[in-house]
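Residues 6 to 199, numbered by the numbering used here, are exactly what the sequence shown covers, in order.
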Amino acid sequence: MGRFSRLTILLCTFLLLGGCGYNSLQVQEEAVFKAWADVESTIQRRGDLIPNLVETVKGYAKHEADTLEAVINARSKATSVQLSPDDLSNPAAMAKFQEAQGGLTSALSRMMLVVERYPDLKANQNFLDLQSQLEGTENRINVARQRYNQAVEGFNSSIRKFPASLTNSLLLHLERKEYFKADEAAKAVPKVKF
């Protein structure tokens, strides 16, 4: 086999690999990891705001210690459950993470109900600023979750489409990523009583 033939085979191999999704699959997996990092970053921001919010409420609502303690405990649990990029393919790990985050959201909701009983607290500028920051952070968390799920959708679709599916099964062995799902408690219809 001559030098020209080897060069032609090598060039054809590179062209085939370029069109088989080898690089694009890896780029899409990185997009999933980046989107997950954005989710973690916004969740961390919420975790950082909570102690200040609790301390502000604590000054007004001394006898609501159980509710405030529940928020602190839920925050502690939520920040202790961490996911590595490898865990994004593990349904049990994702469920555990989402359960911890749901517990924190529930505890914060209970704390906001307590706040309704204290008009002076609701008028406190520091509390209002913290509450506004927390609401903005919750919105950012929702947007980050949506972007993560979009990245997962693109990635999961790509590893199933031909020819990228063949490339993945032969060369990369990338695993399907888990979506960020709604908290199970959020699926229940709230009961309204008048």
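All C-beta atoms, glycine included, are put in the ideal place defined by N, C-alpha and C.
Predicted, not measured: the structure shown is a model, and the values here were computed from it.
Where does residue i fall in DSSP's three states?
i: residue 132; result: helix
i: residue 89; result: coil
i: residue 185; result: coil
i: residue 177; result: helix
i: residue 27; result: helix
i: residue 166; result: coil
i: residue 153; result: helix
i: residue 12; result: helix
From what residue to what residue does the alpha helix (DSSP H) around residue i run?
i: residue 98; result: 96-120
i: residue 77; result: 70-85
i: residue 169; result: 169-172
Take residue i as the anchor and find which of the options has the nearest alpha-carbon.
i: residue 108; options: 88, 72, 89; result: 72
i: residue 57; options: 47, 40, 80; result: 80
i: residue 59; options: 88, 13, 133, 27; result: 133
i: residue 125; options: 161, 11, 63, 10; result: 63
i: residue 70; options: 45, 119, 44, 26; result: 119
i: residue 178; options: 13, 30, 11, 14; result: 30
i: residue 105; options: 187, 157, 14, 153; result: 187
i: residue 173; options: 110, 158, 26, 138; result: 26
i: residue 61; options: 41, 136, 160, 39; result: 136
i: residue 157; options: 11, 42, 14, 171; result: 42
i: residue 45; options: 10, 14, 83, 74; result: 83
i: residue 110; options: 55, 160, 159; result: 55
State yes or no: is the C-beta of residue i within less than 7 Å of the C-beta of residue j?
i: residue 86; j: residue 102; result: yes
i: residue 206; j: residue 169; result: Because residue 206 is not part of the residues shown, which for the chain are 6 to 199, the question remains open.
i: residue 98; j: residue 88; result: yes
i: residue 40; j: residue 152; result: yes
Pair every Cβ in the stretch 32-45 with every Cβ in the stretch 120-137, then say whether three or more of these pairs are closer than 8 Å.
no
Inter-stretch contact (C-beta, 8 Å, three-pair minimum) for the stretch 111-125 and the stretch 145-165
no
Touch test, the stretch 90-100 against the stretch 174-190, Cβ-Cβ under 8 Å, three pairs minimum:
yes
Inter-stretch contact at 8 Å, needing at least 3 Cβ pairs: the stretch 37-57 / the stretch 135-144:
yes
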